[in-house]
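Since the structure comes first, as structure tokens, the remarks are kept for the end.
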Amino acid sequence: MMKNYFKHYLTKFEKKYILKLLYNFLLSIVWICIEISSLFSNKLKDFVIGRKATMKSVKNNKILGSNVIWFHCSSLGEYEQSLPLIKKLKEKKSNYKIALTFFSSSAYGNKLEKHLCDWSGYLPFENSNKIDELTKFINPKLLVLIKNEFWPNLLDVLNQQKIPVISVSSRFNNKNFFFKPWASWFFKKIKTIKYFYTVDDKSKHILNKKGIKNSKCLGDTRMDRVYKLASKNHKNNIIEHFKKNKKCWIAGSTWKEDYDLITEYIENIKSPKVIIAPHDCSYSSISLIEKKLKIPCAKFSSYSYENDNLKKVLIIDSIGYLKYIYKYAIWAYVGGGMGKKGLHNILEPAVYGIPIIIGDNYKKFPEAADLINRGDCFSVSNKNEFNEVVKKLSIKSNYIKINPREYIMKNLGATNMIFNELELFLDD
552 MMKNYFKHYL TKFEKKYILK LLYNFLLSIV WICIEISSLF SNKLKDFVIG
602 RKATMKSVKN NKILGSNVIW FHCSSLGEYE QSLPLIKKLK EKKSNYKIAL
652 TFFSSSAYGN KLEKHLCDWS GYLPFENSNK IDELTKFINP KLLVLIKNEF
702 WPNLLDVLNQ QKIPVISVSS RFNNKNFFFK PWASWFFKKI KTIKYFYTVD
752 DKSKHILNKK GIKNSKCLGD TRMDRVYKLA SKNHKNNIIE HFKKNKKCWI
802 AGSTWKEDYD LITEYIENIK SPKVIIAPHD CSYSSISLIE KKLKIPCAKF
852 SSYSYENDNL KKVLIIDSIG YLKYIYKYAI WAYVGGGMGK KGLHNILEPA
902 VYGIPIIIGD NYKKFPEAAD LINRGDCFSV SNKNEFNEVV KKLSIKSNYI
952 KINPREYIMK NLGATNMIFN ELELFLDD
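So the sequence shown is numbered by the numbering used here: it starts at 552 and just counts up by one.
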């Protein structure tokens, strides 16, 4: 009897404490490894120093105010996804301040439209005490998590302080690790979120099957974001000088794996001009492109109006331009789908109504599947398939049938619907 009781007690204890203790222990080990690695990596150095600077700022300043909405984004993509909603709040709820935290150092350093946020910083690395300190400083009425930014200790602290949390533009599939039996403790933390606003019906259905009924499918704010960006009709003198009256295609958000696919076609004499905008704009990344290509390349940051327009390739070695220059392309290749990085934003070129080519790793991106089914996007797995698709696009009768902009137009409106829901969590 005592043995059975002890076994029952240990199981109960394990469910409540052991996994969380193990989680926090592993996080502390990971943090030590990150600090050591930061001595050799500028990116990790920013990751560590940025968090220390954030906590120093928190200690040295008074609380932000009584009317604050806190947005948390993992990286730059999620931040852009939050911008339509932040802008709407600034327009309709001007008495509220906006606090913004990031997980990624690259996102924090390159965030756009900084004037929209009253305070920004890094989210502590799942340290409950520091999260508690940060939360008391921000003093939010509401925390808005963009996409699947679920951190157990963060959710714990907010739950203890009785601050509502909502998840915006979230997406789920049955393979998410927190749905696994061994991660039930993690899933219980996620269930403390007050409401989930998913991008698709499939995600809502999965949540319902898992016992979460507080969800609505309201769409993807990125649709609204890319539509507004395209409407502004940005002009780029360098791109226009480089391109002149010649045809041009763009390879955007590319990685090492993508170059094996596209370099042969670029070097082909009949290929039109190409603009390459790598995801990583570091010196080593740009050098890799130049090494892969056996032809001279112009660089955006050092572009010469005297002779660089005679070159076939222009490398965008600066962040923040890609989404505005897709409009100059006759078609686009979007990177990330040839490796394990994951596909990058295909909605940015789609809004300009041009054909899109991607790698075959797109299963977690419903918009890619939608556009492929429409015949607006093409998935390839090797350079032969890539060359075949390009050849197909060179035939006018095939090209004119393609218009992914229609897909964007049919899916606008998520921002307004989410804003209306968000208002329900605010006092006034």
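Even for Gly, the Cβ is constructed at its ideal location relative to N, Cα and C.
No experiment lies behind these values; they were computed from the predicted model shown.
For F1023 and L573, what's the separation of their Cα atoms in angstroms?
No answer is possible for residue 1023: it lies beyond the span of the chain, which begins at 552 and ends at 979.
For the 8 Å Cβ check, are there 3 or more pairs between the region 739-750 and the region 838-847?
Segments in contact, no.
Return the bridge partner residues of H785 from the DSSP annotation.
What you label residue 785 is simply residue 234 of the sequence shown in a count that begins at 1. Paired residues: none, contrary to the question.
Run the CB neighbour count on W733, radius 10 Å, all protein chains shown included, and call it buried at 16 or more, exposed below.
Position 182 of the sequence shown, counted from the start, is the residue given in the question as residue 733. By the 10 Å Cβ count, W733 comes out exposed.
Quick one: is K975 buried, meaning 16 or more other Cβ sit within 10 Å of its Cβ, or exposed?
In the sequence shown, counting from the first residue as 1, residue 975 sits at position 424. Residue identity check: residue 975 is Leu in the sequence provided, not Lys. Classification for L975: exposed.
At which residues does the alpha helix (DSSP H) containing A901 begin and terminate?
Taking the first residue of the sequence shown as position 1, residue 901 is located at position 350. Taken as a continuous stretch (DSSP letters only), the alpha helix (DSSP H) holding A901 covers 898-901.
Using the C-alpha atoms, what's the distance from L685 back to Y879?
Here residue 879 refers to the residue found at position 328 when the sequence shown is read from its first residue. Here residue 685 refers to the residue found at position 134 when the sequence shown is read from its first residue. Approximately 44 Å between the Cα atoms of the pair.
Do I813 and A802 have their C-beta atoms closer together than 7 Å?
For this step, residue 813 is matched to residue 262 along the sequence shown. For this step, residue 802 is matched to residue 251 along the sequence shown. Yes, these two residues count as a Cβ contact at 7 Å.
Can you give the Cα-Cα distance for K742 and S754, rounded to whole angstroms?
Indexing the sequence shown from 1 puts residue 742 at position 191. Indexing the sequence shown from 1 puts residue 754 at position 203. Each residue's alpha carbon lies about 15 Å from the other.
Between which two residues does the beta strand (DSSP E) containing H623 stretch?
For this step, residue 623 is matched to residue 72 along the sequence shown. 619-624 is the span of the beta strand (DSSP E), which, as asked, contains H623.
What does the alpha-carbon distance come out to for the pair T605 and Y673?
By 1-based counting over the sequence shown, the position of residue 605 is 54. By 1-based counting over the sequence shown, the position of residue 673 is 122. Each residue's alpha carbon lies about 6 Å from the other.
Nearest CA to the CA of R776: which residue from I649, E631, N858?
In the sequence shown, the residue the question calls residue 776 occupies position 225. Nearest of I649, E631, N858 to R776, Cα basis: E631.
Out of S930, L898, E899, state which residue places its alpha-carbon closest to the alpha-carbon of D911.
To locate residue 911, count along the sequence shown from 1; it is residue 360. It is S930.
Just mark Y556 as buried or exposed, buried being the case when its beta carbon has 16 or more other beta carbons within 10 Å.
Residue 556 sits at position 5 when you count from the first residue of the sequence shown. For Y556, the pLDDT reaches just 48, beneath the cut-off of 50, and the residue's location in the model is therefore unreliable, leaving the point undetermined.
Taking C-alpha atoms, which residue in I946, G886, D771, K603 lies nearest to K540?
With the chain covering only 552 through 979, there is no way to say anything about residue 540.
Starting from the Cα of R925, find the closest Cα among I817, N954, D597, V708 and give me that residue.
By 1-based counting over the sequence shown, the position of residue 925 is 374. For the residues I817, N954, D597, V708, the minimum Cα distance to R925 belongs to N954.
With DSSP run on the structure shown, which of helix, strand or coil describes F654?
Working through the sequence shown from its first residue, we reach residue 654 at position 103. The answer is coil: DSSP assigns F654 none of H, G, I, E or B.
Could you check the C-alpha separation between L894 and G887 for me, to the nearest Å?
As a first step, residue 894 must be located in the sequence shown, where it is residue number 343. As a first step, residue 887 must be located in the sequence shown, where it is residue number 336. Taking the straight line from one Cα to the other gives about 4 Å.
Roughly how many angstroms separate the alpha carbons of I946 and K794, rounded to a whole number?
Stepping through the sequence shown from its first residue, residue 946 is reached at position 395. Stepping through the sequence shown from its first residue, residue 794 is reached at position 243. The alpha-carbon atoms of I946 and K794 are separated by roughly 21 Å.
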